[in-house]
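Chemist: Have a look at this one before I ask anything.
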Amino acid sequence: MFLNLKTAVAAIALSAVAGTAFARDLVINFDDLNPGPKKGFEDAVEQFKAENPDINVIVNINDREAHKTAIRNFLTADAPDVTSWYPGNRMAPFVDAGLFQPVDDVWEENGFGEDLSAIKATMSRDGKIWGVPYSYYQWGIYYRKDIFDLLELEEPQTWDELLAACGKMKENGVTPFTIGTKFLWTAAGVFDYINLRTNGYDVHNALTAGEIKYTDPRIVATFDNWETLINECGFVDNHASMSWQDAIAPFANGDAAMYVMGNFSVDGYKNAGLTEEQIDFMPFPTIDASVPPAEEAPADAFFIPTNAKNVEDAKKWLAFVARPDVQTQWNKTIGQLPINSKADISDDKFIQEGFALLNGATGLAQFYDRDAPAAMAKAGMEGFQEFMLDPSKKDAILERLDTVQTEVYK
Amino acid sequence: MTHAVLPDTETRSEPGWLRRNKLAIAPWVFLIPALIFFAIYVVIPIFESLWLSLYQWNGLYDAEGNSTAVWVGFENYVKLWDDPNFWTSLRNNIAWLILYMLAVPLGLFIALFLNQTVTGMRFYKSMFFFPFVISQVVVGLIFGWFYNPDFGVVGTVWKAMFCEETTNILGNTTFVCERPVPDILSSEQWATYGIIAAGLWPQIAYCMILYLTGLNNVAADQIEAARLDGAKGWKMLWYVVVPQLKPATFIAVVVTVIGALRSFDMIAIMTQGGPFGSTNVLSHYMFEVAISEYGERYGYGSSVATVLFGIMLFFISYFLWRMYQDEKGGR
């Protein structure tokens, strides 16, 4: 009896010692359950485990929408050591509430300032860097190559060429653009691009940062261009009752020829029965040749909560996910672009074109709803949808957005 | 010895306080669990919400677990006054209240229609009652598809009437329409009415079942007497039947008013308040500004909730007062 007790105590003591010496827990919360992204993440975790056998990695993978809700609680109540989240204004509330910790040291030690320079501004707030990105993807115009070939159209490089191409499409009974604005954000993609092409990244950034007004003549010019696009090109009818997936139907059927979208949509086209030969990608045409090219490229990143228990290993993970070889492999799996400029890309044609596009960019917008604060984004995107349904309401919409802006950025 | 005897006599002559008051206490013992839960889940949150409406808060706590809320007094209510979305929501709430009342007479007429003895009547009754049994979410989905301009009933019928089937540039089938297909749920003017129509479907069924039970209790002798006096048709209905259905009417009005004010599910499913906020009602607007992805303004959301609570309180107080009066009269 006494002997048994002694062994038990010894065993517990031993396991406790082994526990501290051998397995340090590293808890990572990830936000994508879709097969591709989940596999990309899990493969990276396996590799990380193999390289760091002394770290016991515990992963919690949640659905994207559920993660958006859960993070608001778990950062305070039960913080993981690392969590995935989005840069730009999406990280602002957590940074401001002191729930993320700065990771400038990770960037310095690993030379990320150079390798990830394109995204540095987006990852920064209050002069500090708050996370490390692992992937992003391009936005642009996806079009039906077969329709373009039938109409003998080239990829339009400029605004005038685009309008001319639209004219030809309409003559032949093809609606130039498809879109589904039911969930609002798709309209923001169109706005972002027209604004980036009309005014450039700095003005766009100043707008989403609340520094210039929506009734500013430069922004009004953007809306004038948009109105031209609606009148001379045009979008499918009933777009306000379609989701972005619904809007693939007219595109797949050949009723519409172009779609301003992000690269994640390629899967949707293929599922709708289109082959790689039928679809292609082109950058959004230039409107003002003097404006330096800037693109829309939302990034996904990892952050360390302030309440993380194992900060040391969390920083190891952050350094790991930005490594060129890791980003290469990960992004091949999920069909997106690595951010590390030393990483390789897959030979998928959309990825190749996107890589070329983003490498030539002088600025990267994160997308309207990540660049602008939530309340502004909501009002702005509702305004965009309303404008697309009735461009004559432009002035009223812009004035309303000014009112919201004054309120939100106070 | 004396020690052993004394307590015995005491208990017998002086029953305990508990025992003396058991009739007064027993109901409370049974009520306590319900009261505790009612307090935790209803009463306390109401006051918390009222209190929160005086703060500006994005719902976050800092790393130490302290709330990041900032006291702003009545500023949220001032903002609400100047917020066009709030007034749109309030206007829609009123539209819901008024149009939802159609469920009461329509339910009555269906009930009268179904209150016959025909073979298989139970089956027909259950068919009419069916929409109330299925979830509001499902009703919203069905109507969303029904209104869909591309593949819904509305779209298909319209295409058959005003559109021509042709082939597009790639040789696929497509439609060219003289007039564009009405897109009810994306139209600023019609979307709210489209959702109310969807909401009426189960609500009529609810009112119908209330009236069907009410009709069972209509006194046959009074009908007989009225018939002998020559009453028929509308007069019979209005002066003889409807007055006897007063309790059913009262309940039908109460559930319809509450149903109209609670109209959240259908809007969330069918339009999410869109297009551009034109189908919002207060309950959905509250959700949108506080809890949804682009919300995170809990103080402001609470002030919307407070206004909605005020409106509900008005109706509920009236209904409670009416019931109280009826009970007093009945005694």
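Note that the protein sequences, when read in sequence, are chains Y and U. Position 310 of the first sequence, counting from 1, maps to 310 under the numbering used here, and the rest follow consecutively. Position 236 of the second sequence, counting from 1, maps to 1236 under the numbering used here, and the rest follow consecutively. In this text, a Cβ means the ideal position worked out from N, Cα and C, and glycines have one as well. In this text the structure is predicted, and so the values were computed from the model without any measurement.
(1) Starting from the C-beta of TYR86/Y, find all residues in its chain whose C-beta is less than 8 Å away, skip the five residues before and the five after it, and write them out in chain order.
(2) Could you tell me whether any Cβ in chain Y is nearer than 8 Å to the Cβ of PRO1202/U?
(3) Give me whichever residues DSSP pairs with VAL59/Y in a beta bridge.
(4) Over the uninterrupted beta strand (DSSP E) stretch that includes TYR143/Y, give me the two end residues.
(5) Hey, does TYR1061/U have any beta-carbon neighbour from chain A nearer than 8 Å?
(6) Count the CB pairs spanning the stretch 89–101 of chain Y and the stretch 1049–1062 of chain U that are closer than 8 Å, and state whether there are at least three.
(7) Which first and last residues belong to the alpha helix (DSSP H) in which PRO217/Y is found?
(8) Could you check whether the stretch 243–251 of chain Y touches the stretch 124–135 of chain Y, counting it as contact only if at least three pairs of C-beta atoms, one from each stretch, sit closer than 8 Å?
(9) Following the continuous alpha helix (DSSP H) through TYR117/Y, name the residue where it begins and the one where it ends.
(10) Could you tell me which chain U residues have their CB closer than 7 Å to the CB of VAL27/Y, listed as they occur along the chain?
(11) Can you give me the Cβ contacts of THR275/Y inside the same chain, cut-off strictly under 6 Å, excluding the 5 residues immediately before and after it?
(12) Quick one: which chain U residues come within Cβ less than 7 Å of ASN307/Y?
(13) Does ALA188/Y have its Cβ less than 8 Å from a Cβ in chain U?
(14) Taking CB distances under 8 Å as the criterion, tell me whether ILE147/Y reaches chain U.
(15) Among the candidates HIS67/Y, ASN60/Y, THR76/Y and THR69/Y, whose CA atom is the shortest distance from the CA of ASN1066/U?
(16) Note down the Cα distance separating GLN336/Y from ARG144/Y, rounded to an integer number of angstroms.
(17) Do you know how far the Cα of LYS309/Y is from the Cα of ASP43/Y?
(18) Would you check whether the ligand ATP has a heavy atom nearer than 7 Å to the C-beta of TRP1238/U?
(19) Alpha carbons only, please: which of VAL1154/U, PRO1202/U, VAL1242/U and ALA1198/U is nearest the one belonging to VAL1218/U?
(20) Would you mind telling me which residues of chain Y sit closer than 7 Å to THR1068/U, beta carbon to beta carbon, in chain order?
(21) In this structure, does DSSP put MET91/Y in helix, strand or coil?
(22) Expressed to the nearest angstrom, what Euclidean distance is found between the alpha-carbon atoms of GLY27/Y and VAL45/Y?
(23) Quick check on the burial criterion: 16 or more other C-beta atoms within 10 angstroms. Buried or exposed for VAL1157/U?
(24) Between which residues of its own chain and LEU1080/U is the CB-CB distance below 8 Å, once the five residues before and five after are set aside?
(25) Three Cβ pairs or more, each shorter than 8 Å: is that satisfied between the stretch 1203–1222 of chain U and the stretch 1099–1111 of chain U?
(26) Can you find the residues in the same chain that come closer than 6 Å, C-beta to C-beta, to ILE1251/U, ignoring five residues on each side of it along the sequence?
(27) LYS393/Y to PRO1084/U, Cα distance in whole Å?
(28) Looking only at its chain, what residues have a beta carbon closer than 6 Å to the beta carbon of ASP146/Y, apart from the 5 residues adjacent to it on each side?
(29) Determine whether the beta carbon atoms of LEU1185/U and THR1271/U lie at a separation below 8 Å.
(30) Is there at least one Cβ from chain Y nearer than 8 Å to VAL1005/U's Cβ?
(31) Counting pairs of Cβ atoms below 8 Å between the stretch 1181–1200 of chain U and the stretch 1217–1233 of chain U, do you hit three or more?
(32) Using the Cβ count rule (16 or more neighbours within 10 Å means buried), how would you classify LYS1298/U?
(33) Which bits of chain U does LEU150/Y rub up against, with CB to CB less than 8 Å?
(34) Which residues does DSSP pair with GLY167/Y in a beta bridge?
(35) Can you round the beta-carbon distance between GLY180/Y and MET261/Y to whole angstroms, since I take them to be within the 8 Å contact cut?
(36) Checking contacts by CB at 8 Å: is PRO93/Y closer than that to chain U?
Modeler: The relevant details are as follows:
(1) Same-chain partners within the cutoff: PRO298, ALA299, ASP300, ALA301, GLN366 and ARG370.
(2) no
(3) ILE28/Y
(4) 139–144
(5) Absent from the structure: chain A. Protein chains present are Y and U.
(6) yes
(7) DSSP places PRO217/Y in the uninterrupted alpha helix (DSSP H) bounded by 217–228.
(8) no
(9) The identity of residue 117/Y in the sequence shown is Ser, whereas the question assumes Tyr. Segment 117–123, the alpha helix (DSSP H) holding SER117/Y.
(10) Result: empty, since nearest Cβ-Cβ is about 16 Å, beyond 7 Å.
(11) none
(12) ALA1063
(13) Taking Cβ atoms only, chain U never reaches closer than 8 Å to ALA188/Y, which makes this a no.
(14) yes
(15) Selected option, being the one with the closest Cα: THR76/Y.
(16) 21 Å
(17) 24 Å
(18) Ligands in the displayed structure: none, and consequently the ligand ATP is not present.
(19) VAL1242/U
(20) ALA97
(21) The DSSP-derived three-state label of MET91/Y is coil.
(22) Note that residue 27/Y is Val in the sequence shown, not Gly. Answer to the nearest angstrom: the Cα atoms are 11 Å apart.
(23) exposed
(24) PHE1086, TYR1300, SER1303, VAL1304 and VAL1307
(25) With contact defined as three or more Cβ pairs closer than 8 Å, the stretch 1203–1222 of chain U and the stretch 1099–1111 of chain U are in contact.
(26) LEU1210
(27) 15 Å
(28) GLN278
(29) Result yes, Cβ atoms of LEU1185/U and THR1271/U sit closer than 8 Å.
(30) Note on VAL1005/U: pLDDT 47, under 50, position unreliable in the model; the coordinate value appears next. Not closer than 8 Å to any Cβ of chain Y, the Cβ of VAL1005/U fails to qualify, so no.
(31) no
(32) A small correction: the amino acid at residue 1298/U is Tyr; Lys does not occupy that position in the sequence shown. It is buried - the Cβ of TYR1298/U has at least 16 other Cβ atoms within 10 Å.
(33) Those are ILE1169 and LEU1170, listed as they occur along chain U.
(34) Note: GLY167/Y sits in no beta bridge, so no partner.
(35) GLY180/Y to MET261/Y, Cβ: 10 Å. No contact.
(36) For PRO93/Y, the answer is yes, since a Cβ of chain U falls inside 8 Å of its Cβ.
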